[in-house]
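J.: The structure follows.
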Amino acid sequence: MCGIVGYVGNSSRPAGAGHGALDVVLEGLRRLEYRGYDSAGVAVVADGAISSRKKAGKLGNLLGELEARPLPESLTGIGHTRWATHGGPTDGNAHPHLADGGRLAVIHNGIIENFAELKQQLLAKGVEFSSETDTEVAAALLGDIFRNQLGGDSSKGSLTEAMQLACQRLEGAFTLLAVHADQPGVVVAARRNSPLVVGLGEGENFLGSDVSGFIDYTRRAVELGQDQIVTITADSVEITDFFGAPAEGKEYNVDWDPASAEKGGFNSFMEKEIHDQPDAVAQTLLGRSDLNGKLTLDELRIDPELLKQVDKIIVLACGTAAYAGLVAKYAIENWCRIPTEVELAHEFRYRDPIVDANTLVVSISQSGETMDTLMAVRYAREQGAKTISICNTNGSTIPRESDAVLYTHAGPEIAVASTKAFLAQITAAYLLGLYLAQLRGNIFTGQIKDVLADLSKIPAKIQKILDNSGPLRELARSMKDEKSVLFLGRHVGFPVALEGALKLKEIAYIHAEGFAAGELKHGPIALIDEGQPVFVVVPSPRGRDSLHSKVVSNIQEVRARGARTLVIAEEGDEAVRDYAEHVFYVPETPTLLMPLLTTVPLQIFAAELAGAKGYDVDQPRNLAKSVTVE
Ligand code: AGP
Numbered sequence: 007m008c009g010i011v012g013y014v015g016n017s018s019r020p021a022g023a024g025h026g027a028l029d030v031v032l033e034g035l036r037r038l039e040y041r042g043y044d045s046a047g048v049a050v051v052a053d054g055a056i057s058s059r060k061k062a063g064k065l066g067n068l069l070g071e072l073e074a075r076p077l078p079e080s081l082t083g084i085g086h087t088r089w090a091t092h093g094g095p096t097d098g099n100a101h102p103h104l105a106d107g108g109r110l111a112v113i114h115n116g117i118i119e120n121f122a123e124l125k126q127q128l129l130a131k132g133v134e135f136s137s138e139t140d141t142e143v144a145a146a147l148l149g150d151i152f153r154n155q156l157g158g159d160s161s162k163g164s165l166t167e168a169m170q171l172a173c174q175r176l177e178g179a180f181t182l183l184a185v186h187a188d189q190p191g192v193v194v195a196a197r198r199n200s201p202l203v204v205g206l207g208e209g210e211n212f213l214g215s216d217v218s219g220f221i222d223y224t225r226r227a228v229e230l231g232q233d234q235i236v237t238i239t240a241d242s243v244e245i246t247d248f249f250g251a252p253a254e255g256k257e258y259n260v261d262w263d264p265a266s267a268e269k270g271g272f273n274s275f276m277e278k279e280i281h282d283q284p285d286a287v288a289q290t291l292l293g294r295s296d297l298n299g300k301l302t303l304d305e306l307r308i309d310p311e312l313l314k315q316v317d318k319i320i321v322l323a324c325g326t327a328a329y330a331g332l333v334a335k336y337a338i339e340n341w342c343r344i345p346t347e348v349e350l351a352h353e354f355r356y357r358d359p360i361v362d363a364n365t366l367v368v369s370i371s372q373s374g375e376t377m378d379t380l381m382a383v384r385y386a387r388e389q390g391a392k393t394i395s396i397c398n399t400n401g402s403t404i405p406r407e408s409d410a411v412l413y414t415h416a417g418p419e420i421a422v423a424s425t426k427a428f429l430a431q432i433t434a435a436y437l438l439g440l441y442l443a444q445l446r447g448n449i450f451t452g453q454i455k456d457v458l459a460d461l462s463k464i465p466a467k468i469q470k471i472l473d474n475s476g477p478l479r480e481l482a483r484s485m486k487d488e489k490s491v492l493f494l495g496r497h498v499g500f501p502v503a504l505e506g507a508l509k510l511k512e513i514a515y516i517h518a519e520g521f522a523a524g525e526l527k528h529g530p531i532a533l534i535d536e537g538q539p540v541f542v543v544v545p546s547p548r549g550r551d552s553l554h555s556k557v558v559s560n561i562q563e564v565r566a567r568g569a570r571t572l573v574i575a576e577e578g579d580e581a582v583r584d585y586a587e588h589v590f591y592v593p594e595t596p597t598l599l600m601p602l603l604t605t606v607p608l609q610i611f612a613a614e615l616a617g618a619k620g621y622d623v624d625q626p627r628n629l630a631k632s633v634t635v636e
């Protein structure tokens with residue numbers, strides 16, 4: 007989820023704001039900073055050379071560096087704001103990465119899955135590396151092809167040909183931009199499973215990871231397709247596939263204003279991030295299993311033998327992250343047969359917990375800075391536990407203080423209310439559970455392969471829910487004056503009910519409460535009054551030990567007492583219709599994976615209702631994105 011900008015212009019651009027490649031690129035990075043702010047960097051082609059500056063931290067750090075060490079005037083440049091995946095947020099890992107003796111600069115968004123293998127091949131050729139990143143490997147590969155395979159031919163088109171040959175050898179998700187000292191006036195870019203758009207100007211052309219990278223200069227855009235390469239100069243835009251065959255992009259006019267462009271055209275970051283969820287799940291899965299259904303979590307860096315000895319798992323987290331842990335508990339205990347407790351981090355260390363060297367503590371945190379969770383992890387380590395962090399922020403404190411980390415790749419989550427990070431946390435927890443089961447031989451490879459295959463279908467199923475959310479949004483708007491909403495769920499639907507209630511609480515400021523459906527008759531049913539809205543997350547009717555009939559009975563019980571029953575159910579489940587005022591269907595999927603789907607309607611409902619109340623869903627009152635105090 008990095009921010010990427012490219013520019014080639016001619017000298018006719020009016021002087022002043024936005025004059026020259028550097029100004030245009032920096033303005034684009036400013037608008038793209040929400041896509042990543044671990045580091046930032048730029049490179050320009052001037053006087054027969056590449057000049058580059060890059061700094062860890064926010065864009066302001068780079069601006070300070072440029073103030074201290076200015077770049078030469080140039081009409082060709084690229085820029086990058088990083089959301090770290092491979093390698094921490096340091097100056098050395100910041101993009102651009104240079105190759106070919108410093109004459110080539112490359113920036114990248116995505117994950118090169120086969121970077122380790124390519125790095126070994128390049129090391130064997132004597133190539134030296136200075137960073138931990140997969141991007142530097144891509145740069146070195148491109149430089150090696152340009153210099154050695156194509157003989158450093160600096161004629162027009164050779165950088166394009168080198169990019170084509172390089173992309174034929176890359177696996178994973180990538181948007182790459184490259185400039186070469188031998189080819190001033192040219193930027194070459196490539197994309198696979200990662201966004202890239204072209205901005206069309208008069209005597210100048212632009213590249214951006216999304217239109218906000220150039221919306222201040224042009225609203226004419228060309229969206230590139232999968233496995234395409236684009237070469238821009240001040241006066242031309244040429245598109246090919248990875249093998250050089252001419253290809254077409256899709257031209258369109260951007261009708262967003264700059265501010266909404268940063269939100270991808272959505273009216274809030276929360277809406278944008280809800281719609282990012284197919285990609286957040288896909289990116290978190292990417293590169294972590296092979297075609298034979300074997301988990302490849304080498305990044306975990308914990309001795310597998312130690313993991314085989316684990317006899318208890320404790321999940322530590324707060325808020326939404328804790329609900330992700332509750333979902334994980336069902337899956338991990340089912341697959342690994344290891345007792346798994348989920349603890350609110352702020353309670354954990356004050357209850358004198360039983361922790362020893364055979365306890366695996368898994369912390370879950372989007373920010374990696376939640377003090378309650380950090381202190382609990384520290385306590386667990388002092389007690390001798392092994393600790394793994396599931397985190398969305400590369401290089402943050404909790405991963406740094408853990409024995410190992412499994413990063414979610416949801417990209418920066420700007421809205422205070424967590425959505426895409428939640429789904430990515432659940433996805434990462436599933437991968438960890440499958441990995442442990444694989445290590446310990448609890449389930450057969452074939453079963454793991456089946457679960458991975460089911461997981462790979464989730465992004466498209468989420469997209470289907472997003473595409474059909476109209477009626478739900480209409481209901482949410484009609485309910486904007488409600489004073490209380492209850493949420494019921496059972497089994498993995500119970501944490502979903504808790505999360506649905508939390509979303510409504512934190513952005514619509516409405517009393518909302520989630521219950522285990524089976525708990526209803528033990529007290530909460532007394533809350534049911536005429537017209538009380540109750541969301542019910544219904545398990546699939548498929549499967550021998552389905553809880554379906556029990557939850558349908560719960561719907562009847564609350565409906566009989568006047569509740570407005572709003573049901574989330576699996577496509578094809580007709581049994582709920584008779585007792586539901588509204589039914590919102592989600593695609594069929596195995597029970598343990600259902601939270602990745604049933605959560606989405608509840609997120610949409612909360613965002614739409616809060617929006618209808620005129621509230622700022624991104625910055626709700628009294629809350630912060632990361633609670634860094636105990
Ligand atoms: C979720 O919508 C909230 N913003 C909050 O509960 C959050 O999940 C919790 O504070 C934990 O934050 P973390 O994931 O950054 O540790």
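So for the sequence shown, the working numbering puts the first residue at 7; every next one is plus one.
Idealized CB from N, CA, C, for every residue including glycine.
1. Using the Cβ count rule (16 or more neighbours within 10 Å means buried), how would you classify residue 343?
2. Which residues does DSSP pair with residue 252 in a beta bridge?
3. So does the region 72-85 actually touch the region 30-44, counting three or more Cβ pairs closer than 8 Å?
4. Taking just the CA atoms, how far does residue 193 sit from residue 350?
5. Residue 178 and residue 117 - do their beta-carbons sit closer together than 7 Å?
6. From residue 111 to residue 260, what does the alpha carbon distance come to, in whole angstroms?
7. Is it the case that the Cβ atoms of residue 276 and residue 613 are separated by a distance below 7 Å?
8. Could you tell me which of 619, 498, 297 sits nearest to residue 332, measuring between CA atoms?
9. Name the one or two DSSP bridge partners that residue 393 has.
10. Starting from residue 490 and walking both ways along the beta strand (DSSP E), at which residues does that stretch end?
11. Only counting runs of 4 or more residues, tell me where the alpha helix (DSSP H) segments fall wholly within the region 281-324, in order along the chain.
12. Can the beta-carbon of residue 7 be found less than 7 Å from the beta-carbon of residue 47?
13. Of the choices 565, 184, 314, whose alpha-carbon is the least far from that of residue 101?
14. List the residues that DSSP assigns as beta-bridge partners of residue 195.
15. Please work out which residues of its chain come closer than 6 Å, Cβ to Cβ, to residue 71, disregarding the five sequence neighbours upstream and downstream, and give them in chain order.
16. So, with DSSP's three-state summary, where would you put residue 590?
17. Return the chain-ordered list of same chain residues with a C-beta closer than 8 Å to the C-beta of residue 455, the five sequence neighbours on each side being excluded.
18. Check residue 413 in the structure and name its three-state DSSP category.
19. Nearer than 6 Å: is that true of the beta carbon of residue 326 relative to any heavy atom of the ligand AGP?
20. In whole angstroms, give me the CA-to-CA distance for residue 225 and residue 155.
21. Looking at C-beta atoms only, is the number of pairs between the region 205-214 and the region 231-247 that lie closer than 8 Å three or more?
22. Distance check for residue 516 and residue 619, CA to CA, integer angstroms please.
23. On a Cα-Cα basis, can you pick out the residue from 508, 341, 137, 313 that is closest to residue 97?
24. Is it the case that the CB of residue 376 approaches a heavy atom of the ligand AGP more closely than 6 Å?
25. Unbroken beta strand (DSSP E) runs of length 3 or more, entirely within the region 566-590: which are they?
26. Identify whether residue 560 lies in helix, strand or coil by the three-state DSSP scheme.
27. Between residue 81 and the rest of its own chain, which residues show a CB-CB distance below 6 Å, the 5 nearest in sequence each way excluded?
28. With a Cβ-Cβ cutoff of 7 Å, do residue 55 and residue 279 count as a contact?
T.: Taking the coordinates as given:
1. By the 10 Å Cβ count, residue 343 comes out exposed.
2. DSSP lists 246 as partners of residue 252.
3. The region 72-85 vs the region 30-44: in contact.
4. Each residue's CA atom was taken as its position, placing residue 350 and residue 193 some 50 Å apart.
5. Cβ distance < 7 Å, so residue 117 and residue 178 count as in contact.
6. Within the model, the alpha-carbon separation for residue 111 versus residue 260 is close to 29 Å.
7. In this structure, residue 276 lies near residue 613, with their beta-carbon atoms less than 7 Å apart.
8. Residue 498 holds the alpha-carbon nearest to the alpha-carbon of residue 332 among 619, 498, 297.
9. In the DSSP output, where bridge partners are listed per residue, residue 393 has 367.
10. Taken as a continuous stretch (DSSP letters only), the beta strand (DSSP E) holding residue 490 covers 490-495.
11. You should have 283-291, 310-315.
12. Contact: no.
13. Comparing Cα positions, the closest option is 184.
14. Beta-bridge pairing links residue 195 to 183, 236.
15. The residues are 59, 61.
16. Looking at residue 590 - three-state DSSP - the assignment turns out to be strand.
17. Counting only Cβ-Cβ distances below 8 Å, and skipping sequence neighbours, we find 298, 299.
18. Strand.
19. Checking the Cβ of residue 326 against the ligand AGP gives yes.
20. If I take the Cα positions, the gap works out to 38 Å.
21. Segment contact: the region 205-214 against the region 231-247, three or more CB-CB distances shorter than 8 Å; contact assigned.
22. Taking the straight line joining both Cα atoms gives about 11 Å.
23. With distances taken between Cα atoms, residue 97 lies closest to 137.
24. Yes; taking the cut-off as 6 Å, the Cβ of residue 376 has a heavy atom of the ligand AGP nearer than that.
25. You should have 570-576.
26. Under the three-state reduction of DSSP output, residue 560 falls in the helix class.
27. So the list reads 15, 27, once near-sequence residues are dropped.
28. No, Cβ-Cβ distance for residue 55 and residue 279 is not below 7 Å.
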